[in-house]
Every structure is written in C-alpha cells, then in structure tokens.
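**Q** Residue numbers (our numbering): 399 to 540. Ideal Cβ placement from N, Cα and C applies to all residues, glycine included. Starting off with a structure, shown below.
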C-alpha cells in the first residue's frame with residue numbers, strides 16, 4: 399500500500415531543509431520547517447528541561463517532527479483520504495500557510511462556496527474534492 403504521508407514528508411523535507419533562521423522568512427527560526435513559534439505555542443518541551451525554547455527546537459528528533467507534521471498538518475487536511483497528488487500539495491500548503499487556509503483552498507478548488515468553505519475538511523469536502531479531481535486532474539492541481 400502506498401504511504402502517502404511518507405511521500406508528502408519527502409516533498410516537504412526537500413523544500414524545508416534543516417536549521418534555518420533567515421531574516422526574510424516570516425517563519426523565523428525553524429528546524430525542518432517546524433517553527434520556534436509552533437514549539438512554544440504547543441508547549442513542546444522535547445528535551446524535558448521544564449522550559450520551552452530554542453533548545454527544544456534544536457533537540458527535536460526527526461520522529462518528533464514527523465509526528466507533529468502528521469497530526470497538525472497532514473491529518474488536518476485529511477491527507478490519507480485524498481488522491482495522492484492532492485494530499486502532497488494540500489500538506490505542503492498546510493505547512494506553509496496553515497491547515498485552515500489549505501482546507502479553504504481545497505474546498506474552493508472543489509467548487510464549494512459560502513458556508514461550506516470553512517477550512518475544515520470533513521467527509522463532504524473529501525467527496526467533493528475527489529469528484530472535482532477525477533473530473534479534471536490537471537485543472538484541479540493548477
């Protein structure tokens with residue numbers, strides 16, 4: 399069986415790289431694309447020293463980063479329930495713009511409007527996304 403999350407992680411890992419603290423990057427200090435802001439907001443004391451700070455980001459393991467990516471980004475856009483190409487793009491958008499915005503983009507691309515565009519990918523959204531993707535894969539991905 400195809401592991402969509404593993405493929406999506408390869409894609410994100412390629413673009414996010416390792417340790418980064420570029421002034422032009424709105425994410426600020428990051429490791430593998432995980433921001434210090436996320437570590438602090440989620441109170442992730444990876445090294446168990448009772449403080450959540452840059453050291454926790456530095457000490458974060460690949461497995462911890464992947465767990466965070468799965469629960470906070472991939473699962474939020476229902477990556478496992480989407481066509482593989484859509485799942486990879488949605489996951490990357492969730493990482494870079496947040497899962498809510500990525501969800502809204504998916505819903506809009508699937509032709510959903512109004513109150514149905516809430517950024518929460520539920521069963522109705524998954525079905526609409528699948529139909530829209532099947533109707534015209536290239537147009538959907540563009």
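1) Does residue 488 pass the burial test, meaning 16 or more other C-beta atoms within 10 Å, or should it be called exposed?
2) Return the residue from the list 480, 408, 538 and 448 that minimises the CA-CA distance to residue 431.
3) I'd like the list of long-range same chain contacts for residue 481, defined as Cβ closer than 6 Å, with 5 residues on each side in sequence excluded.
4) How many Å lie between residue 411 and residue 512 at the Cα?
5) Reducing DSSP to helix, strand and coil, say where residue 449 ends up.
6) Using CA coordinates, which residue listed in 533, 520, 496 and 506 is at the minimum distance from residue 425?
7) Taking the alpha-carbon positions, what's the residue 486 to residue 449 distance?
8) Tell whether a beta-carbon distance below 8 Å holds between residue 502 and residue 515.
9) Look up residue 440 in the DSSP assignment and say whether it is helix, strand or coil.
10) Measuring alpha carbon to alpha carbon, tell me which residue in 469, 463 and 447 is nearest residue 415.
11) Between residue 478 and the rest of its own chain, which residues show a CB-CB distance below 8 Å, the 5 nearest in sequence each way excluded?
12) In angstroms, rounded to a whole number, what distance separates the CA positions of residue 469 and residue 510?
13) Output the residue ranges of the alpha helix (DSSP H) runs that lie fully inside the stretch 442-511 and measure 4 residues or longer, sorted by chain position.
**A** Reading it off the structure:
1) buried
2) 408
3) 531
4) 34 Å
5) coil
6) With distances taken between Cα atoms, residue 425 lies closest to 496.
7) 34 Å
8) yes
9) coil
10) 463
11) 402, 403, 472 and 485
12) 25 Å
13) 452-457, 460-467, 482-495 and 497-507
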